[in-house]
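Residue numbers (numbering that gives the first Met the number 0), protein chains in the order written: chain A, 0 to 341; chain B, 0 to 341.
Every residue, glycine too, gets a C-beta built ideally from N, C-alpha and C.
As C-alpha cells, the structure follows; a few thoughts come after it.
There are 2 protein chains.
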Amino acid sequence: MARQKNGSRARTATLTDVARLAGVSVATASKALNGREHVRVETRRRVIDAAEQLSFSPNSLARGLLAGRTGTVGLLTSDLEGRFSIPILMGAEDAFGAGQVNVFLCDARDDTIRERHHVQALLNRRVDGLIVVGSRTDPRPSLGRDLPVPVVYAYAPSDDPEDLSIICDNVAAGRQAIEHLIAAGRTRIAHISGDPTYAAARDRAEGVRAALADAGLELVGDVQYGSWSEGWGRAAAGLLLDRHADIDAIFCGSDQVARGVMDAARERGRRIPEDVAVMGFDNWEVLAADARPALSSVDMNLEEVGRAAARALFEALDGSPRSGVESLSCRLVIRGSTVSLT
Amino acid sequence: MARQKNGSRARTATLTDVARLAGVSVATASKALNGREHVRVETRRRVIDAAEQLSFSPNSLARGLLAGRTGTVGLLTSDLEGRFSIPILMGAEDAFGAGQVNVFLCDARDDTIRERHHVQALLNRRVDGLIVVGSRTDPRPSLGRDLPVPVVYAYAPSDDPEDLSIICDNVAAGRQAIEHLIAAGRTRIAHISGDPTYAAARDRAEGVRAALADAGLELVGDVQYGSWSEGWGRAAAGLLLDRHADIDAIFCGSDQVARGVMDAARERGRRIPEDVAVMGFDNWEVLAADARPALSSVDMNLEEVGRAAARALFEALDGSPRSGVESLSCRLVIRGSTVSLT
DNA sequence: AATCCTTCCGAAAAGGTTTTCGGACATACA
DNA sequence: TGTATGTCCGAAAACCTTTTCGGAAGGATT
Numbered sequence: 000m001a002r003q004k005n006g007s008r009a010r011t012a013t014l015t016d017v018a019r020l021a022g023v024s025v026a027t028a029s030k031a032l033n034g035r036e037h038v039r040v041e042t043r044r045r046v047i048d049a050a051e052q053l054s055f056s057p058n059s060l061a062r063g064l065l066a067g068r069t070g071t072v073g074l075l076t077s078d079l080e081g082r083f084s085i086p087i088l089m090g091a092e093d094a095f096g097a098g099q100v101n102v103f104l105c106d107a108r109d110d111t112i113r114e115r116h117h118v119q120a121l122l123n124r125r126v127d128g129l130i131v132v133g134s135r136t137d138p139r140p141s142l143g144r145d146l147p148v149p150v151v152y153a154y155a156p157s158d159d160p161e162d163l164s165i166i167c168d169n170v171a172a173g174r175q176a177i178e179h180l181i182a183a184g185r186t187r188i189a190h191i192s193g194d195p196t197y198a199a200a201r202d203r204a205e206g207v208r209a210a211l212a213d214a215g216l217e218l219v220g221d222v223q224y225g226s227w228s229e230g231w232g233r234a235a236a237g238l239l240l241d242r243h244a245d246i247d248a249i250f251c252g253s254d255q256v257a258r259g260v261m262d263a264a265r266e267r268g269r270r271i272p273e274d275v276a277v278m279g280f281d282n283w284e285v286l287a288a289d290a291r292p293a294l295s296s297v298d299m300n301l302e303e304v305g306r307a308a309a310r311a312l313f314e315a316l317d318g319s320p321r322s323g324v325e326s327l328s329c330r331l332v333i334r335g336s337t338v339s340l341t
Numbered sequence: 000m001a002r003q004k005n006g007s008r009a010r011t012a013t014l015t016d017v018a019r020l021a022g023v024s025v026a027t028a029s030k031a032l033n034g035r036e037h038v039r040v041e042t043r044r045r046v047i048d049a050a051e052q053l054s055f056s057p058n059s060l061a062r063g064l065l066a067g068r069t070g071t072v073g074l075l076t077s078d079l080e081g082r083f084s085i086p087i088l089m090g091a092e093d094a095f096g097a098g099q100v101n102v103f104l105c106d107a108r109d110d111t112i113r114e115r116h117h118v119q120a121l122l123n124r125r126v127d128g129l130i131v132v133g134s135r136t137d138p139r140p141s142l143g144r145d146l147p148v149p150v151v152y153a154y155a156p157s158d159d160p161e162d163l164s165i166i167c168d169n170v171a172a173g174r175q176a177i178e179h180l181i182a183a184g185r186t187r188i189a190h191i192s193g194d195p196t197y198a199a200a201r202d203r204a205e206g207v208r209a210a211l212a213d214a215g216l217e218l219v220g221d222v223q224y225g226s227w228s229e230g231w232g233r234a235a236a237g238l239l240l241d242r243h244a245d246i247d248a249i250f251c252g253s254d255q256v257a258r259g260v261m262d263a264a265r266e267r268g269r270r271i272p273e274d275v276a277v278m279g280f281d282n283w284e285v286l287a288a289d290a291r292p293a294l295s296s297v298d299m300n301l302e303e304v305g306r307a308a309a310r311a312l313f314e315a316l317d318g319s320p321r322s323g324v325e326s327l328s329c330r331l332v333i334r335g336s337t338v339s340l341t
C-alpha cells in the first residue's frame with residue numbers, strides 16, 4: 000500500500016467507492032466510465048462526477064488480470080551505453096507512447112544469465128510482447144520458440160530464421176556511400192573500417208567492393224580494419240595517404256574514425272573535400288555536424304528500426320506474426336566533407 | 000490471451016493447475032513455492048516438481064493486486080537523446096535490477112501534457128514510485144505533493160523544496176577544476192563556458208570565480224558564454240588566445256567546447272599541455288579519451304546520481320522519505336591535456 | 001388487459017494469487 | 001481414555017475490474 004508524504008495510508012479510491020458515491024452499482028459505474036452503452040446520460044454524468052471527485056484511477060492490474068492483456072511490452076537491451084540502443088529505444092517508445100502501451104526497460108549487459116532472468120521477470124509481469132535490441136549487428140542467440148508472447152529482434156538479428164528481426168542493411172549502406180563518392184567524381188577511393196570482428200564492418204566492406212566493381216573501379220589499398228576509434232582513423236589515414244598519394248576519397252567505418260582521418264589529412268595539407276572527400280558512418284550529430292568541414296555520413300535510421308519493431312510487435316499481437324530478417328535501408332546525410340557546399 | 004507461434008492459445012499454467020497436479024490445495028501450493036512454513040518437505044518437493052513440469056510462472060498482476068505493491072517504478076525522462084539521461088537511467092536500472100523491481104521508461108519530451116499523461120498511466124499501473132530525470136540542471140516544476148507514491152527528482156531538481164532532488168554539485172565542480180589547474184602551476188586561467196541560460200553554466204562559473212579568488216587570482220577575460228558546441232569553442236578560444244597571449248589554462252564548459260579549444264590552440268602553435276592546459280566537462284569518453292592529447296575532464300558521476308535516486312526511492316517506500324536538494328560531488332578525470340603524463 | 005419491446009440497472013462470476021483461520025490428524029502426556 | 005500440543009493442510013476471503021445475464025420499469029401495441 001502506498002504511503003503519502005505524511006506517512007498515512009493513501010487509500011486510492013476504487014470503483015466501488017465511485018459507485019457508492021454516485022449511488023449506482025459497480026457494474027453501472029464501470030460501464031459509465033468506459034463509455035459503454037445502456038447507461039442513461041444523467042447517470043453517466045453522476046458517475047463521472049463522482050470519479051472526478053475521488054480522483055479515481057482505474058487499477059490496470061485488475062484490468063489486465065481480467066483481460067489477459069496488460070498493455071505492456073518488455074524492451075530488452077544489451078548495452079544501454081551503446082549509442083545504438085538509445086535511438087531504437089526512442090523509436091519504439093515513440094511508436095508505443097501514443098497509445099496505452101508502456102515499456103519495461105531491461106538492461107541485460109550482454110549477459111545471458113541476466114537476460115534470462117529479465118525475460119522471466121517480464122513474463123511474470125505478463126507483458127504482451129518483447130523487443131530485443133542488440134548492441135552489434137552480428138546475429139545473436141534466439142530467446143527460443145516456446146515463449147508465450149511474440150518477440151521482435153531489432154538491430155541484431157536472431158540466429159533463428161523463424162524469429163522476426165528488423166535490421167539495417169549494412170551491405171547496401173556501403174554501396175550507397177561509395178556510389179555517392181563516385182557521383183561526386185571520385186575514383187581513387189579507400190575504405191578505413193573498424194573492428195573486423197563486427198559483422199557490420201564486413202558487410203559494409205562487401206557493399207563497398209560491389210559498388211566499386213559495378214563502376215569498374217578498384218579499392219585503393221585493402222580494406223583497413225582496426226578499431227572504431229579516432230586514433231585508429233588518424234593512424235590508418237596517415238599510412239594510407241603517405242603510401243597512395245592519389246587517394247581522393249576515404250569512406251570510414253564510423254564518424255570517430257572519420258574525425259581521425261580528417262585530422263590526419265589536414266596535417267598532410269590535403270584539403271577536404273577538394274583534395275580528399277571523407278565520409279563517415281553513424282551520423283553521430285556531435286561528431287559530424289560540428290566537424291570542419293561538417294562530415295557527410297550514413298545514418299542508419301535507428302529510430303525507424305525501433306518504430307518498425309514496435310509496429311511488427313503490434314501486428315504479431317493482432318495475430319499476423321511475420322518471420323525472417325527484414326532490412327531497412329540507411330540514409331545518406333551529405334555535408335561539406337564530400338562535396339563543396341559553396 | 001497470448002498466442003504461440005502456431006496460433007494456438009498458450010494457456011500459461013496457473014497455481015491451480017500446479018496444485019491439482021501435485022494433489023494439494025492452491026493454498027498449500029502457494030506456501031510451498033514461496034518457502035512458507037507449515038509444509039512438509041515431501042509435499043513441498045511435490046509442488047515444486049509440479050510447478051517445474053508445467054513451467055509455472057506466478058502472475059505478478061494478481062500478486063500485485065493483492066499485495067498493493069507491484070515492484071515497479073516509473074522513470075520519467077525529459078529527453079532520451081540527451082546524453083545525461085542515459086547514465087542516470089543506467090544507474091537506476093542498475094540499483095533496481097538486482098532486486099525484483101522493474102522500470103517503466105517514459106519519455107516526456109519536455110512536454111508538460113505528455114508528462115502528465117505518462118504520470119497518470121503510471122499511476123494506473125500502480126507503480127510503487129517515480130523517478131523524474133531532467134535534461135538540464137535548472138529547477139523544474141514539481142509533479143505536486145498529492146501523488147499517492149513517492150517521487151525522486153534526479154539531475155534537475157524540483158522547484159518545490161518539499162520534494163527530494165538528487166543533483167550534481169556544479170559549483171563545487173567548477174571549483175575542483177580550477178583548483179586542479181592551479182595545482183598544476185597555472186595562473187593565467189580563462190573559462191570558456193556554454194549556453195548562459197543553463198544554470199549549470201552559471202553555477203560552474205560561480206565555482207570558478209570562488210576558487211580563483213581563494214587563490215588570489217583573477218580570471219583572464221570574462222567568462223565566455225556561448226553554446227556547448229565545438230564551433231563555439233574554436234571561435235572563443237581563437238579570440239581569447241589572440242587577445243591574451245599569456246593564457247596558460249582554459250577551463251571549458253563541455254568536452255565539445257574543449258575539443259574546439261584544443262584545435263584553435265594547436266592552430267596557433269600552442270602546445271598542450273605545456274603552453275596551455277585544457278580542461279573539459281562531462282567526461283564524454285568518445286570525445287575525451289581519443290583527443291590529442293587525451294582530455295582531462297570533470298565527470299558528473301551520473302550513474303551514481305541514478306543509483307542514489309533509486310536508493311532514495313527505496314527508502315521512501317520503506318517509510319523514511321527525505322526532502323530537499325542533495326548534491327553529489329563530481330570527479331576529476333585527469334588525462335594528458337592538463338598535465339604531462341609522460 | 002395482456003403482450004411485447006426498449007431502456008436502464010444490478011447481481012454475480014471471472015481472473016490468479018496470498019493470507020487467515022479452522023479442521024484433521026498424530027504424538028506425547030496424564 | 002481423555003487432554004494438551006504440534007504439525008500439516010484446505011476452504012474461503014480479499015484485491016479490483018469487466019462482462020454477462022437477468023430483472024425491473026415503463027411505454028407502445030394488440
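Setting aside the 5 residues that flank it on each side, valine 170 of chain B is surrounded in the same chain by Asp202, Arg203, Glu205, Gly206, Ala209, each with a C-beta closer than 8 angstroms to its C-beta; the list follows chain order. Nearest to isoleucine 130 of chain A by alpha-carbon distance, out of A/Thr341, A/Gly335, A/Arg310, is A/Arg310. Interface criterion met: the Cβ of phenylalanine 103 of chain A is under 8 angstroms from a Cβ in chain B.
Counting only runs of 3 or more residues that sit fully inside the segment 175-232 of chain A, the beta strand (DSSP E) segments are 188-191, in chain order. Judged by pairs of C-beta atoms under 8 angstroms, the segment 224-234 of chain A touches the segment 250-263 of chain A, as three or more such pairs exist. Bridge pairing for leucine 74 of chain B: B/Leu104, B/Ile130 [DSSP]. C-alpha of glutamate 41 of chain A to C-alpha of asparagine 33 of chain A: approximately 15 angstroms in a straight line.
The alpha-carbon separation between valine 46 of chain A and alanine 31 of chain A amounts to approximately 7 angstroms. With its beta carbon at least 8 angstroms from every one in chain A, leucine 240 of chain B lies outside the interface. The Cβ atoms of serine 77 of chain A and valine 151 of chain A do not sit closer than 8 angstroms to each other. Taking all protein chains shown into account, threonine 196 of chain A has fewer than 16 neighbouring C-beta atoms within 10 Å of its C-beta and is therefore exposed. For methionine 278 of chain A, the three-state secondary structure derived from DSSP is strand. Boundaries for serine 322 of chain B: no beta strand (DSSP E) harbours it, and the DSSP string shows neither H nor E there. The Cβ atoms of threonine 15 of chain B and valine 25 of chain B lie closer than 8 angstroms to each other.
Within a 10 Å sphere around the beta-carbon of glutamate 302 of chain A sit 16 or more other beta-carbons, which makes this residue buried. With a cutoff of 8 angstroms on beta-carbon distance, leucine 312 of chain B and proline 149 of chain B are scored as near each other. C-alpha of aspartate 93 of chain B to C-alpha of asparagine 101 of chain B: approximately 10 angstroms in a straight line. The criterion of a C-beta distance shorter than 8 angstroms is satisfied by serine 141 of chain A and aspartate 159 of chain A. Distance between isoleucine 112 of chain A and valine 118 of chain A, taken at the CA atoms: about 10 angstroms.
Just measuring C-alpha positions, the residue of A/Ile87, A/Ala97, A/Arg108 sitting nearest methionine 89 of chain B is A/Arg108. Look at valine 148 of chain B here: in three-state DSSP terms it is coil, with no helix or strand label. Bridge pairing for phenylalanine 250 of chain B: B/His190, B/Met278 [DSSP].
Where leucine 312 of chain B is concerned, the enclosing alpha helix (DSSP H) starts and stops at 301-316.
The beta carbon of threonine 111 of chain B sits no closer than 8 angstroms to any beta carbon of chain A. In the three-state DSSP reduction, valine 38 of chain A falls in the coil class, being neither helix nor strand. In this structure isoleucine 165 of chain B is not in contact with phenylalanine 250 of chain B, their Cβ atoms being roughly 25 angstroms apart against a cut-off of 8 angstroms.
For arginine 330 of chain B, the enclosing beta strand (DSSP E) begins and ends at 330-332.
Those residues of the segment 276-299 of chain A placed with their C-beta closer than 7 angstroms to a C-beta in chain B are Val285, Asp289, ordered along the chain.
Straight across, the Cα-Cα distance linking serine 56 of chain A with arginine 19 of chain B is about 36 angstroms. For threonine 69 of chain A, at least one C-beta of chain B is nearer than 8 angstroms to its own C-beta. Burial check for leucine 240 of chain A: the Cβ neighbour count within 10 Å reaches 16 or more, so the residue is buried. With the criterion set as a beta carbon lying under 8 angstroms from some beta carbon of chain B, the members of the segment 69-84 of chain A are Thr69, Thr71, Leu74, Leu79, Glu80, in sequence order. Taking all protein chains in view, the Cβ of histidine 243 of chain A is surrounded by fewer than 16 other Cβ atoms within 10 Å, so the residue is classified as exposed. Secondary structure at aspartate 298 of chain B: strand, using DSSP grouped into helix, strand and coil.
Between serine 59 of chain A and asparagine 123 of chain B, the gap from beta carbon to beta carbon is short of 8 angstroms. When Cβ-Cβ separations below 8 angstroms define contact, glutamine 119 of chain A makes contact with chain B.
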